[in-house]
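See structure below.
Protein chains in written order, with the working numbering: chain A, 1 to 330; chain B, 1001 to 1503.
Following this line, the structure appears as structure tokens:
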């Protein structure tokens, strides 16, 4: 313990020295404000899920490359599909020592719970770091080689016997499934599981017939030859999966993304906003982040400021329509 | 033979000076983190994860793996000494560990816990070494119906837990199930049982809040009432001879130890279960197998040995799906998985091929961590026993503060602290009215898992319960569970019918 304590103290010292250096050297805009205490990094999901792992990965990049003088402290507020986190951020109005990692429940949760009183356009957008993608997956033991085979197989099995696994109802996987059903005129039995990792495992164990996993959730099995991606829900092919066609190529304009962004409470000082934009710009440009994006099939998608806020509002409206068409909201 | 060669290479990695130092540091850190109520291996691994960038990935996982192990040992300490579960995985250890301490047998309970942890840990690492790939396939064979059948088996073993009063046991289970349903419905995403519209209920009721409330706070209230503050604990002197005798006595508990180890390992490798359900199930099974089940909950050594061997075995077990499938078997391995991504390793089937030194270094380090954790734990026993020499007037406020910290730590929400105090009073009243508490704790841990798996199964089968009996693994487990459910009921009926016939 003694040994560890010493190393840790040294590391903290180093990080502080490096951090101070960065602030002094970097441009005037970012030098004006810096955190006076550790920054709370709120995560809209529970420990261990995809969103949590990504947030901790970001924390790791900041720590490893010594990008900030004071640490980010991840706090999970996953209750109510992120309702707890959204409410918390609203109550922290004007507090520059809180930021939050978002996923698409950033739009859907306030839409599904109007009583929450959260308007995301009142929050301060910091940066969009990536857009995660979705693919249609089946087990590699099946004879389904293409989307055409897939549609035929689903129709042959009938809606009662074709099981599609995914995350909770009203969440991303169920939206993508609904889009797929609508486009090809098919019906599946949707079985919800706790997280994308569990969904992937259920497919490999053949308890379900297909999934719309993120590439990062299936990539381990895919490399081991246990699963097969049929098509990608993006306009262009992914670098990590050059042989997998997009739905657009197959004549159906299906695309859906999961945004990975960082936001802050509303009403924070402009120089605090500038500090965070600068910090996440460094995260975004880091080798670790860029490698992660390419190898896990995420799309780079740097956005900030007003452009990001406009994007959020536009996506919220798109999700409102999607949820209404599914009968999830009125 | 190939495995032996790989393992030896692993040992060469694990026994490098830096790694050896990290194993010892991890064990000690884990021991204390585990012993602190409310802080468990999840918190320890999450807090220390960012520090591991200072060393290579293999050293990092070795440190965190040792910490995970140490925490499993440490959790037993406050369960036994203070009656507050030190970590979620040590809840079942409270059931018999605390009564043993009150009877002046704290040293024996601690030695039993440490030894059982060692046995559980060692057996599971050996199983891991020999059968990792086939066991990974086995874990895949468990879909929602199989998971539900297994959970039913766990409930069945607990029916007998409340002693002979079956209706009171059922009542306790139902109370636990009701609390476990609070929060968000996993299928529809709609909020349920949000009492008084309090936002704190959205994240559900963390079972540690219930366990610390009824065992920690409830215990203080109970002790105050029964002793009027003059608690007399017969002092256990620690001598080397005493420890040796305690070790020798454990030969009577080998059966429970082996059962706990295998069961814990098996439950650990199933995704989403982990060490907490594993230890509770081992306790239930040990009691069901026992010739004198009525001695459980009153200081039976087997009641300490079974859950402690199981939680260590499960913690190793839960690393198996993490490494081979990239699926965490417990909340702690979920965080470790995040660490592996940061270190640039891809968990999953390819890890064993692409990063041999990492996998085998970790496995070898678990052998070493087990041994060190045992030695360190036993060396600290005299220090832990000092706690019992404190007068109750000092100890009670300390326990109270630890309970509040423990209630706050998992969710960092004051809501849960108030809830814990209410559960404390409730637990005290239930105890006074002779309701068993352990089944309620079991129900709140296993309830959400059971609910998810039964609903997923029924969605898959379009509402037909036949799915549980059509699949071979599920059918076998379900049949055993039904048998165990029926057994005490048959006994009750026989007792009711018996005298009538004698008339």
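We treat Cβ as the ideally placed atom computed from N, Cα and C, and that holds for glycine.
Stretch pair the region 1368 to 1375 of chain B + the region 238 to 246 of chain A: three plus CB contacts closer than 8 Å: no
Proximal chain D residues relative to residue 87 of chain A, where beta-carbon distance stays under 7 Å: No chain D is part of this structure, whose protein chains are labelled A and B.
Boundaries of the alpha helix (DSSP H) in which residue 128 of chain A is found, first to last residue: By one-based count along the first chain, residue 128 of chain A stands at place 128. Per DSSP, residue 128 of chain A belongs to no alpha helix (DSSP H); it is in the beta strand (DSSP E), 124 to 132.
Members of the region 1204 to 1228 of chain B that neighbour chain A once the beta carbon cut-off is set at 8 Å: 1204
Any 3 or more C-beta pairs closer than 8 Å across the region 1383 to 1398 of chain B and the region 1168 to 1177 of chain B: Taking 8 Å as the limit for Cβ pairs, the verdict is that the region 1168 to 1177 of chain B does not touch the region 1383 to 1398 of chain B.
Beta carbon of residue 1063 of chain B nearer than 9 Å to that of residue 63 of chain A: Within the second chain, residue 1063 of chain B is the residue found at index 63, counting from 1. Within the first chain, residue 63 of chain A is the residue found at index 63, counting from 1. Taking 9 Å as the Cβ cut-off, residue 1063 of chain B and residue 63 of chain A do not qualify as a contacting pair.
Nearest-angstrom beta carbon gap, residue 1268 of chain B and residue 1284 of chain B [assumed within contact, 8 Å]: As a first step, residue 1284 of chain B must be located in the second chain, where it is residue number 284. As a first step, residue 1268 of chain B must be located in the second chain, where it is residue number 268. Their Cβ separation, rounded to whole angstroms, is 16 Å, which puts residue 1284 of chain B and residue 1268 of chain B out of contact at 8 Å.
Anticipated Cβ contact below 8 Å, residue 70 of chain A with residue 37 of chain A, distance rounded: What you label residue 70 of chain A is simply residue 70 of the first chain in a count that begins at 1. What you label residue 37 of chain A is simply residue 37 of the first chain in a count that begins at 1. Indeed, because the Cβ distance is near 7 Å, the residues count as touching under 8 Å.
Beta-carbon neighbours of residue 102 of chain A, restricted to chain B and to distances below 8 Å: Locating residue 102 of chain A in the first chain gives position 102, where the first residue counts as 1. Simply none; closest approach about 18 Å.
Other residues of its chain near residue 1217 of chain B: CB distance less than 8 Å, five sequence neighbours each side excluded: Here residue 1217 of chain B refers to the residue found at position 217 of the second chain. Apart from sequence neighbours up to five positions away, the residues of its chain that approach residue 1217 of chain B with a beta-carbon distance below 8 Å are 1400, 1403, 1420, 1421, 1423, 1424, 1425, 1427 and 1428, ordered along the chain.
Collapsed DSSP secondary structure at residue 188 of chain A in the structure displayed: For the purposes of this step, residue 188 of chain A is identified with residue 188 of the first chain, where counting begins at 1. DSSP places residue 188 of chain A in coil when its eight states are reduced to three.
Entirely enclosed alpha helix (DSSP H) segments - the region 1321 to 1398 of chain B, minimum 4 residues: List check, alpha helix (DSSP H) in window: 1331 to 1342, 1351 to 1354 and 1356 to 1386.
Within chain B, the residues that residue 80 of chain A reaches when beta carbons sit closer than 7 Å: Residue numbering aside, residue 80 of chain A sits at position 80 when the first chain is read from its first letter. What residue 80 of chain A touches in chain B: 1184, 1191 and 1202.
Interface flag, residue 135 of chain A vs chain B, CB-CB below 9 Å: Walking along the first chain from the start, residue 135 of chain A turns up at place 135. Judged by the 9 Å Cβ criterion, residue 135 of chain A is not in contact with chain B.
Length-filtered (3 minimum) beta strand (DSSP E) runs lying within the region 245 to 304 of chain A: The DSSP assignment places complete beta strand (DSSP E) segments of no fewer than 3 residues inside the region 245 to 304 of chain A at 258 to 264 and 299 to 304, in order along the chain.
Between the CA atoms of residue 321 of chain A and residue 124 of chain A - distance to the nearest angstrom: Here residue 124 of chain A refers to the residue found at position 124 when the first chain is read from its first residue. Here residue 321 of chain A refers to the residue found at position 321 when the first chain is read from its first residue. For residue 124 of chain A and residue 321 of chain A, the distance between alpha carbons rounds to 24 Å.
Assigned secondary structure, residue 1541 of chain B (DSSP; H/G/I helix, E/B strand, else coil): The displayed coordinates of chain B run from 1001 to 1503. Any statement about residue 1541 of chain B would go beyond what the structure contains.
Beta-carbon neighbours of residue 52 of chain A, restricted to chain B and to distances below 9 Å: As a first step, residue 52 of chain A must be located in the first chain, where it is residue number 52. What residue 52 of chain A touches in chain B: 1334, 1335 and 1338.
Inter-residue CB distance, residue 1073 of chain B and residue 1034 of chain B (contact presumed, cutoff 8 Å): Position 73 of the second chain holds residue 1073 of chain B. Position 34 of the second chain holds residue 1034 of chain B. Residue 1073 of chain B to residue 1034 of chain B, Cβ: 7 Å. Contact.
For residue 1091 of chain B, the nearest candidate out of B:1298, B:1211 and B:1453 (CA to CA): On the second chain, residue 1091 of chain B is found 91 positions in, with the first residue counted as 1. Comparing Cα-Cα distances from residue 1091 of chain B to each of B:1298, B:1211 and B:1453, the minimum goes to B:1211.
At least 3 beta-carbon pairs within less than 8 Å: the region 150 to 160 of chain A vs the region 1006 to 1023 of chain B: no
Cα-Cα separation between residue 202 of chain A and residue 58 of chain A, rounded to whole angstroms: Locating residue 202 of chain A in the first chain gives position 202, counting from the first residue. Locating residue 58 of chain A in the first chain gives position 58, counting from the first residue. Approximately 28 Å, taken between the alpha carbons.
Residue closest to residue 1219 of chain B, alpha-carbon to alpha-carbon, out of B:1465, B:1415 and B:1395: Your numbering for residue 1219 of chain B matches position 219 in the second chain. Residue 1219 of chain B has its Cα closest to that of B:1395, out of B:1465, B:1415 and B:1395.
Residue from B:1178, B:1209 and B:1028 with nearest C-alpha to residue 1194 of chain B: Translated into the one-based positions of the second chain, residue 1194 of chain B becomes position 194. The shortest C-alpha separation from residue 1194 of chain B is found at B:1178.
Residue 1060 of chain B and residue 1487 of chain B closer than 9 Å at C-beta: Translated into positions along the second chain, residue 1060 of chain B becomes position 60. Translated into positions along the second chain, residue 1487 of chain B becomes position 487. Taking 9 Å as the cut-off, the Cβ atoms of residue 1060 of chain B and residue 1487 of chain B do not count as close.
Interface partners of residue 1053 of chain B on chain A, CB under 9 Å: By 1-based counting over the second chain, the position of residue 1053 of chain B is 53. Residues of chain A with a Cβ closer than 9 Å to the Cβ of residue 1053 of chain B are, in chain order, 11, 60, 63 and 64.
One or two residues paired with residue 76 of chain A in a DSSP bridge: If you number the first chain from 1, residue 76 of chain A lands on position 76. DSSP lists A:43 as partners of residue 76 of chain A.
Sequence-distant residues of the same chain with beta carbon closer than 8 Å to residue 1213 of chain B, five excluded per side: Position 213 of the second chain, counted from the start, is the residue given in the question as residue 1213 of chain B. 1403, 1407, 1419, 1420, 1421, 1422, 1423, 1424, 1426 and 1427.
Proximal residues of chain B, C-beta to C-beta of residue 204 of chain A below 7 Å: By one-based count along the first chain, residue 204 of chain A stands at place 204. Residues of chain B passing the Cβ test: 1140.
Three-way DSSP call (helix, strand, coil) for residue 1085 of chain B in this model: Residue numbering aside, residue 1085 of chain B sits at position 85 when the second chain is read from its first letter. Coil.
Extent of the continuous beta strand (DSSP E) to which residue 137 of chain A belongs: Residue mapping note: residue 137 of chain A aligns to position 137 of the first chain, counting from 1. It spans 135 to 139 - the beta strand (DSSP E) in which residue 137 of chain A sits, taken as one unbroken run.
Three-way DSSP call (helix, strand, coil) for residue 1529 of chain B in this model: Residue 1529 of chain B falls outside the range modelled here, since chain B spans only 1001 to 1503, and no answer is possible.
Proximity test, residue 1181 of chain B beta-carbon vs the ligand GTP heavy atom, cut-off 8 Å: Ligands in the displayed structure: none, and consequently the ligand GTP is not present.
Three-state class that DSSP yields for residue 163 of chain A in the structure shown: Taking the first residue of the first chain as 1, we reach residue 163 of chain A at position 163. The answer is strand: DSSP assigns residue 163 of chain A an E or B state.
C-beta neighbour in chain A for residue 1187 of chain B, strict 9 Å: If you number the second chain from 1, residue 1187 of chain B lands on position 187. Judged by the 9 Å Cβ criterion, residue 1187 of chain B is in contact with chain A.
8 Å contact criterion, which residue 1296 of chain B and residue 1096 of chain B should meet: CB distance rounded: Against the second chain, residue 1296 of chain B aligns to sequence position 296. Against the second chain, residue 1096 of chain B aligns to sequence position 96. Rounded, the Cβ-Cβ distance is 6 Å, consistent with contact.
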